[in-house]
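See structure below.
Numbering (full-length UniProt numbering), first residue to last: 1 to 536.
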């Protein structure tokens with residue numbers, strides 16, 4: 001009977017419309033609004049006949065100027081205010097191909113007064129998460145009933161906010177319609193030459209078809225035959241390091257082969273304790289290490305955990321791949337957000353946090369077993385050695401590759417948004433993040449910090465067994481309290497929700513993403529679950 005009830009509830013969830021209670025907009029009404037995404041063909045623009053004429057492809061952001069007298073603007077404003085499921089239709093993305101000189105392109109538009117189509121920059125009033133905030137007298141939050149308890153809670157909240165902000169400092173305010181300033185190279189020359197043209201092209205269409213105008217700003221441009229990423233000293237440094245590594249590998253291979261006393265490959269499957277360092281770079285030996293099965297009983301017992309980790313990794317790849325796909329129309333994105341399967345996939349990034357539980361579990365079991373077999377207690381130097389040397393050298397090489405040659409592997413209208421922003425950040429601020437500055441490596445940064453805490457905690461438990469329960473209880477309590485405080489002070493959702501607009505900007509301006517999803521302290525609870533299970 002219990003299973004029948006559970007199955008009935010699951011079936012009910014699958015047929016319930018996630019947007020129940022909300023009046024759905026008809027497609028004909030939706031099409032009255034300007035399209036959010038409009039892009040000219042990138043390859044046809046830059047690579048069809050580059051020798052015939054010079055072509056330039058620009059990614060442009062356009063922000064519609066508020067007009068309360070326009071019924072269409074009011075519809076855009078109302079529709080965009082529902083941020084959990086809708087894109088911001090007041091912010092438009094355009095990919096525009098310009099053939100020839102900017103002046104010639106302007107002449108072909110047949111516009112008498114070009115300056116009338118250029119909208120000066122105005123105060124853009126949709127901070128991320130509230131879309132329109134309090135612009136034009138509107139507010140994104142409903143009025144709440146004020147009670148005595150509510151007043152006390154608000155006072156405490158204000159005091160806590162003041163305390164935490166005084167420590168954290170005031171966050172800089174960025175324009176939340178375009179990627180941050182200096183996120184792309186060589187943008188200013190294109191802005192000087194093409195800004196007026198882009199404004200004329202976009203506003204000519206908006207004025208004629210919708211009776212609206214927009215402020216426009218070039219995000220970046222690609223020009224046929226122009227290399228926006230000339231080779232510099234850092235690029236050469238990467239090549240030098242790779243050449244040194246290849247030479248070391250060849251020398252290691254020669255040494256390992258010279259130590260071989262018999263034919264066959266069995267030599268490379270046996271360890272060489274006395275010359276481990278000299279033979280550690282040979283590809284064949286490392287291949288056997290990679291594919292060999294551990295005979296350690298502990299490793300065999302953890303095979304099921306490794307299988308779960310692999311499955312989770314595959315699901316994570318699927319989720320990230322779907323996140324990076326650019327849709328041609330906003331309608332498809334917003335309709336998908338009304339489907340249960342999409343909600344599970346889009347907000348299924350929480351599955352990544354299971355890696356922290358697995359990491360804590362595997363680390364605790366293997367580390368305790370290692371200390372038990374050796375019969376010694378680890379010291380401070382061993383803690384630092386294990387934490388730093390475990391991943392940082394390999395990661396540093398990949399970081400250097402991403403900061404130099406990675407961007408040259410592909411091209412396309414959106415390639416620079418995903419790669420160059422990370423490349424610029426790594427070049428400028430790598431030292432602030434202890435090398436973990438690539439956006440997709442946030443997990444490694446959090447795991448690095450959690451592993452450090454876990455290593456210290458488990459080491460203290462091994463050295464002082466009587467403190468096991470108090471230490472675990474204390475750290476677990478902190479791991480539970482901190483997320484609650486952060487979510488409450490930031491007025492965030494209890495469960496992380498990745499909205500369409502957050503995905504559109506790759507979470508660049510999503511404060512909830514940075515403060516509730518990425519930080520180490522928000523994932524400490526999952527890691528502690530792994531440590532606790534490991535001690536059971």
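By construction, the Cβ of each residue, glycine as well, lies at the ideal position given by its N, Cα and C atoms. Computed from a prediction, not measured in an experiment: that's the story for all the values here.
For residue j and residue i, the rounded distance between their alpha carbons
i	j	result
residue 315	residue 225	39 Å
residue 124	residue 463	58 Å
residue 139	residue 497	Note that residue 139 scores a pLDDT of 31, beneath 50, so its modelled location is shaky; the value from the coordinates is reported in the next line. Taking the straight line joining both Cα atoms gives about 21 Å.
residue 312	residue 85	26 Å
residue 362	residue 368	10 Å
residue 325	residue 332	12 Å
residue 66	residue 89	12 Å
residue 162	residue 486	Residue placement at residue 162 is poorly supported in this model, since its pLDDT is 48, which falls under 50; the coordinates still yield a value, given next. So the alpha carbons of these two residues sit roughly 13 Å apart.
residue 233	residue 239	10 Å
residue 499	residue 301	40 Å
residue 321	residue 281	33 Å
residue 284	residue 293	16 Å
residue 242	residue 195	41 Å
residue 202	residue 513	32 Å
residue 192	residue 219	13 Å
residue 111	residue 350	51 Å
residue 356	residue 364	12 Å
residue 33	residue 68	15 Å
residue 344	residue 337	10 Å
residue 27	residue 298	58 Å
residue 509	residue 515	11 Å
residue 388	residue 481	29 Å
residue 532	residue 223	56 Å
residue 506	residue 83	15 Å
residue 416	residue 246	30 Å
residue 64	residue 352	37 Å
residue 24	residue 339	13 Å
residue 327	residue 209	22 Å
residue 307	residue 317	16 Å
residue 373	residue 366	11 Å
residue 115	residue 492	43 Å
Cβ-Cβ distance between residue i and residue j below 7 Å
i	j	result
residue 423	residue 483	no
residue 95	residue 46	no
residue 527	residue 360	yes
residue 244	residue 309	no
residue 286	residue 228	no
residue 420	residue 184	yes
residue 100	residue 53	yes
residue 92	residue 62	yes
residue 36	residue 494	no
residue 102	residue 197	yes
residue 42	residue 418	no
residue 426	residue 460	no
residue 323	residue 74	no
Burial state of residue i, where buried means 16 or more other Cβ atoms lie within 10 Å
i	result
residue 108	exposed
residue 473	exposed
residue 113	exposed
residue 254	exposed
residue 534	buried
residue 407	buried
residue 536	exposed
residue 142	For residue 142, the predicted model reports a pLDDT of 34, less than 50, meaning its position is unreliable; a value from the coordinates is still stated below. Label assigned to residue 142: exposed.
residue 524	buried
residue 470	exposed
residue 394	exposed
residue 79	buried
residue 252	buried
residue 479	buried
residue 236	exposed
residue 188	exposed
residue 441	buried
Rounded distance between the beta-carbons of residue j and residue i, thought under 8 Å
i	j	result
residue 39	residue 221	Incorrect: roughly 14 Å between the Cβ atoms, too far for contact.
residue 199	residue 119	7 Å
residue 501	residue 87	6 Å
residue 444	residue 391	7 Å
residue 211	residue 72	7 Å
residue 511	residue 530	In fact, because the Cβ distance is near 28 Å, the residues do not count as touching under 8 Å.
Below-7 Å beta-carbon distance, residue i vs any chain C residue
i	result
residue 211	Structure shown: chain C not included; a single protein chain is present.
Exercise. Touch check for the segment 399-408 and the segment 448-465: three-plus C-beta pairs under 8 Å?
Worked result: no
Exercise. If you pair each beta-carbon of the segment 440-451 with each one of the segment 507-520, do three or more pairs fall below 8 Å?
Worked result: yes
For this session: Count the C-beta pairs between the segment 177-192 and the segment 207-222 that are closer than 8 Å, then say yes if the count reaches three, no if not.
Result: yes
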